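Trainee:
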Amino acid sequence: MTATTETAILAGGCFWGVQDLLRRYPGVLETRVGYSGGDVPNATYRNHGTHAEAIEIVFDPTIISYRRILEFFFQIHDPTTKNRQGNDLGLSYRSAIYYSSDAQKQTALETIADVDASGLWPGKVV
Numbered sequence: 368m369t370a371t372t373e374t375a376i377l378a379g380g381c382f383w384g385v386q387d388l389l390r391r392y393p394g395v396l397e398t399r400v401g402y403s404g405g406d407v408p409n410a411t412y413r414n415h416g417t418h419a420e421a422i423e424i425v426f427d428p429t430i431i432s433y434r435r436i437l438e439f440f441f442q443i444h445d446p447t448t449k450n451r452q453g454n455d456l457g458l459s460y461r462s463a464i465y466y467s468s469d470a471q472k473q474t475a476l477e478t479i480a481d482v483d484a485s486g487l488w489p490g491k492v493v
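Put into structure tokens, the structure is as follows:
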């Protein structure tokens, strides 16, 4: 690993599929699936309450930016459908960005605005 890494946490449907695509991206050093944004402490596959299936992405910011990870994330899932990705339905399949700093929050808001303006998806990011 490099001396400086950053972490992104994203939810975009079934975590296995999203993880498989993200872990192959140059600059992504490691990924881990889990649950985020919910009401159950120590969430598990069988008991995750209102958590979303999420992926933790550790990346080298000298190779790939947080913005580029978000751009790719918005290409590999439909962020305009609430609580659904493909045939997977329910709160745990929602699209979400769990930022860890004000800089990540600002980048996320700017990227969402650009995705909405691009017409890539028929609706707005939810």
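Under this note's numbering, the first residue of the sequence shown carries the number 368, and numbering increases by one thereafter. Don't be surprised by glycine CBs; every beta carbon is placed ideally from N, CA and C. Please read these numbers as outputs of a predicted model, since none were measured by experiment.
Assuming ILE430 and GLY394 make a contact with CB atoms under 8 Å, what is their CB distance in whole Å?
Mentor: If you number the sequence shown from 1, residue 430 lands on position 63. If you number the sequence shown from 1, residue 394 lands on position 27. Confirmed, about 3 Å.
Trainee: I need the boundaries of the beta strand (DSSP E) containing THR474, first residue and last residue.
Mentor: One-based indexing of the sequence shown puts residue 474 at position 107. THR474 -> not in any beta strand (DSSP E); alpha helix (DSSP H) instead, spanning 469-485.
Trainee: Does the pairing of the region 395-407 with the region 418-434 give three or more beta-carbon distances under 8 Å?
Mentor: Judged by Cβ distances under 8 Å, the region 395-407 makes contact with the region 418-434, as three or more pairs qualify.
Trainee: Could you please give the first and the last residue of the uninterrupted alpha helix (DSSP H) stretch that includes LEU437?
Mentor: Against the sequence shown, residue 437 aligns to sequence position 70. Counting along the chain, the alpha helix (DSSP H) containing LEU437 begins and ends at 433-443.
Trainee: Within its chain, find whatever has a CB closer than 6 Å to the CB of ILE376; leave out the 5 residues flanking it on each side and keep chain order.
Mentor: For the purposes of this step, residue 376 is identified with residue 9 of the sequence shown, where counting begins at 1. So the qualifying residues of the chain are SER403, ALA421, GLU423 and TYR465.
Trainee: Out of ASP387, PRO489, TYR460 and ASP483, which one is the CA nearest neighbour of TYR412?
Mentor: What you label residue 412 is simply residue 45 of the sequence shown in a count that begins at 1. Among ASP387, PRO489, TYR460 and ASP483, the Cα nearest to that of TYR412 belongs to TYR460.
Trainee: For TYR460, which three-state DSSP category applies?
Mentor: The residue given as residue 460 occupies position 93 in the sequence shown. In the structure shown, TYR460 sits in a helix (DSSP, three-state: H, G or I).
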